Amino acid sequence: MASSQTTAASTPSISDQPITGTSLDFSLFFKATYPDEDTQNTTGGSRKRKSRGMVMYRCLHCPADKPWANRKRDNAWHHARRCHADIISSLDRTLIGGSSDVLDDEREATRPRIDAFFPSRYSDVSLRRMFDRDRYLDAIISLITRRRLAFSAINWDEMQEIMLAANPAIEDLLVTNRSALMRLIDATYELYSSQLMATLEASISKIHILSDLWTSPHRHGILAISARWVDQDYRPQRALLAMPECRYSHSGETQASLIIDTLAKYGIASKVGYHVGDNATSNDTCLSYLSRRLRDDYGELYSSKENHDPHMVHCIDMGWFVLNKYYTLSDQTPVYAAALLLDPSKRRKYIERNWQESWHAPAIAAAQQIWLDEYNAAPIPESLRVPLDVSSSSGRQHNELDELLSDIAVTGPILDDADDFETFIDAPPTRITGSPLQWWLHRDQRKAYPRLSRMAIDILSIPPESSDVESHFSSARRTLSWDRESMTCENLAKVECVGNWMREGIIVPKSHGGRGVISSVAVEFSVETEAEDFLD
46 MASSQTTAAS TPSISDQPIT GTSLDFSLFF KATYPDEDTQ NTTGGSRKRK SRGMVMYRCL
106 HCPADKPWAN RKRDNAWHHA RRCHADIISS LDRTLIGGSS DVLDDEREAT RPRIDAFFPS
166 RYSDVSLRRM FDRDRYLDAI ISLITRRRLA FSAINWDEMQ EIMLAANPAI EDLLVTNRSA
226 LMRLIDATYE LYSSQLMATL EASISKIHIL SDLWTSPHRH GILAISARWV DQDYRPQRAL
286 LAMPECRYSH SGETQASLII DTLAKYGIAS KVGYHVGDNA TSNDTCLSYL SRRLRDDYGE
346 LYSSKENHDP HMVHCIDMGW FVLNKYYTLS DQTPVYAAAL LLDPSKRRKY IERNWQESWH
406 APAIAAAQQI WLDEYNAAPI PESLRVPLDV SSSSGRQHNE LDELLSDIAV TGPILDDADD
466 FETFIDAPPT RITGSPLQWW LHRDQRKAYP RLSRMAIDIL SIPPESSDVE SHFSSARRTL
526 SWDRESMTCE NLAKVECVGN WMREGIIVPK SHGGRGVISS VAVEFSVETE AEDFLD
């Protein structure tokens, strides 16, 4: 009796229930669920529910936030035809169902595959073909050099999981060898150092050098050498040139030798402009030695005459001397006065109004001497030559609009002697927008003052302070974290240079239309053949 009740209470499976009047497989649209399953018992290996248990058919195609379920199969089919007619119509063949004459194996053969309703998975070959390894290396090297991630990050399980979550077929294409990664950075450094050399050689201004000495956390003396210049497109640029180790001695001569080696490496010794550094006494020795070496090797550039008054300290009050110590030192470098005179919003009137009268003539004369020695007789580029009589555009005759524009014009004609230092500083100051360097970089000013603009660009592009090298030291300190102090000075310099060049736009990733980093060198990525203690 119990056996007959169990049989009666059991619900036949969906596959055993023929569906009259439909040609679709019920299991493709609905799933049988049992809400009262939590009270079920297991007896003799057969599944048994309480007498009031029911089966619910849940729609597989309704969204999770709006589920649909019903205990009647006919209602379920009605729901499918009413709400999912597009899925039914998309089936490209009709199944034979609901007939007792159809054999089970024939019905199985004609049933559509369930994966036809889900997007197909790409093959490993397709996934590997879609992997952009150049873009991957750009990002990895940027993380190491610019964001200062540890070299060991490429071996982190989490890093591997991130990459494989995006593309599970590239496990053997990832860089997992720190020595191999350093060789890629080294190759990138060599490539872009030569490219930077060409950029420096094509600069239209002098190249100004900044340097400073620093003791790293792993007790090495490191000299940061940075540069600023105006490139051939008249855009101010800056870059870290080198960070050599200053061994054995931190004297001015040692620092000067490292600077000369860096200038020779980039081939810019003959284009050096001015040096900017802090007030360390070793810098005076460094610049004296550097000046002698450059004079012997490349001929004398420009150097101001030394004008030291040994009685000055006895003629003025000591308090006044301390307050004006660094201000009066500007007399030794006439570019300070020249920068003020070449500022179109200041010119001569600024010095006459704000400086002591005894300073006027020497400062202006020293700046005038720079103009006469280096720029007055300089050749004018053909692209900047301006005809004296500029006719109207396209050679057409003047019309009423041209006459109106001529009447209301406030800019005077370009004079023959306009491109002259004395003429410019004697003109009234004018209000400008932006910096004086930006004003001089404008093509109109370069055409009006072809020689004077070169002098202004050279002088106004000099960095006002040595903060560039200080920022390089701050960056290197973050690179040399407490767990990376085994990195050699040579590798530190390359990492910092590549990171700086990425930050300054010298290295442009391939995803942004640039050349990107070196993506292949003669290394084996899967076998660690070298010690990696020199990295981190």
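Just so we're aligned, residue 46 is where the sequence shown starts under my numbering, counting upward by one. The beta carbon of each residue, even a glycine, is placed where N, CA and C say it ideally should be. The structure presented is a predicted model; accordingly, all values stated were derived computationally and were not measured.
Check                                                                                                                                                                          : Outcome
Would you decide whether residue 433 is buried or exposed? Buried here means 16 or more other CB atoms lie within 10 Å of its CB.                                              : For residue 433, the predicted structure reports a pLDDT of 39, less than 50, and the residue's modelled location is therefore unreliable. The matter cannot be settled from this model.
Closest to residue 281 by C-alpha separation, out of 209, 507, 325, would be which residue?                                                                                    : 507
Considering Cα atoms alone, identify which of 502, 308, 226 is closest to residue 564.                                                                                         : 226
Would you grab the beta carbon distance between residue 257 and residue 323 for me? Rounded to a whole angstrom, and I think it's under 8 Å.                                   : 6 Å
Using DSSP bridges, identify the partner residues of residue 266.                                                                                                              : 260
Thinking C-beta only, is residue 380 closer than 9 Å to residue 412?                                                                                                           : yes
Do the region 518 to 526 and the region 246 to 262 meet, that is, are 3 or more Cβ pairs less than 8 Å apart?                                                                  : yes
Taking the C-alpha atoms as reference points, what is the distance between residue 250 and residue 274?                                                                        : 6 Å
Consult DSSP for residue 274 and reduce its assignment to one of helix, strand or coil.                                                                                        : strand
When you compare each of 118, 108, 105, 112 to residue 99 by their alpha carbons, which one comes out closest?                                                                 : 118
Give the straight-line distance between the Cα atoms of residue 222 and residue 198, rounded to the nearest whole angstrom.                                                    : 10 Å
Check residue 539 in the structure and name its three-state DSSP category.                                                                                                     : helix
Indicate the three-state DSSP secondary structure (helix, strand or coil) for residue 321 in the structure shown.                                                              : strand
Specify, as a first and last residue, the run of the alpha helix (DSSP H) that residue 242 falls within.                                                                       : 223 to 246
Rounded to whole angstroms, what is the Cα-Cα separation between residue 106 and residue 71?                                                                                   : 12 Å
Skipping 5 residues on each side, what residues in its chain have a beta carbon closer than 8 Å to that of residue 266?                                                        : 258, 259, 260, 290, 291, 292, 295
Looking at the strands, I want to know which residues DSSP matches up with residue 75.                                                                                         : 104
Which value, in whole angstroms, describes the spacing of the CA atoms of residue 233 and residue 468?                                                                         : 49 Å
Identify the continuous alpha helix (DSSP H) that holds residue 385 and give its terminal residues.                                                                            : 380 to 386
Note the first and the last residue of the continuous beta strand (DSSP E) segment covering residue 283.                                                                       : 281 to 287
Can you list, in chain order, the residues of its chain with a C-beta nearer than 8 Å to that of residue 175? Leave out the 5 residues immediately preceding and following it. : 167, 212
Should residue 557 go down as buried or exposed, given a rule of 16 or more other Cβ atoms within 10 Å for buried?                                                             : exposed
Using the DSSP secondary-structure output, state which residues sit across from residue 253 in a beta bridge.                                                                  : 273
Alpha carbon to alpha carbon, how far is residue 115 from residue 135?                                                                                                         : 24 Å
Evaluate residue 207 with the Cβ neighbour count: other Cβ atoms within 10 Å of its Cβ, from every protein chain shown; 16 or more gives buried, anything less gives exposed.  : exposed
Determine the contact status of residue 385 and residue 466, defining contact as a CB-CB distance below 9 Å.                                                                   : no
Contact defined as beta carbons within less than 8 Å: I believe residue 301 pairs with residue 331. What is the distance between those atoms, to the nearest angstrom?         : 5 Å
Quick one: what does DSSP say residue 301 is sitting in, helix, strand or coil?                                                                                                : helix
Alpha helix (DSSP H) containing residue 520: first to last residue?                                                                                                            : 512 to 524
Mind checking residue 494: buried by the 16 CB within 10 Å criterion, or exposed?                                                                                              : buried
Please list the terminal residues of the continuous alpha helix (DSSP H) segment that includes residue 124.                                                                    : 118 to 128
Nearest-angstrom Cα distance between residue 186 and residue 517?                                                                                                              : 18 Å
How would you write the range of the alpha helix (DSSP H) that residue 503 sits in, first residue to last?                                                                     : 495 to 505
Write down the C-beta distance between residue 191 and residue 555 rounded to the nearest angstrom, noting that I regard them as a contact closer than 8 Å.                    : So it is not a contact: roughly 16 Å between Cβ atoms.
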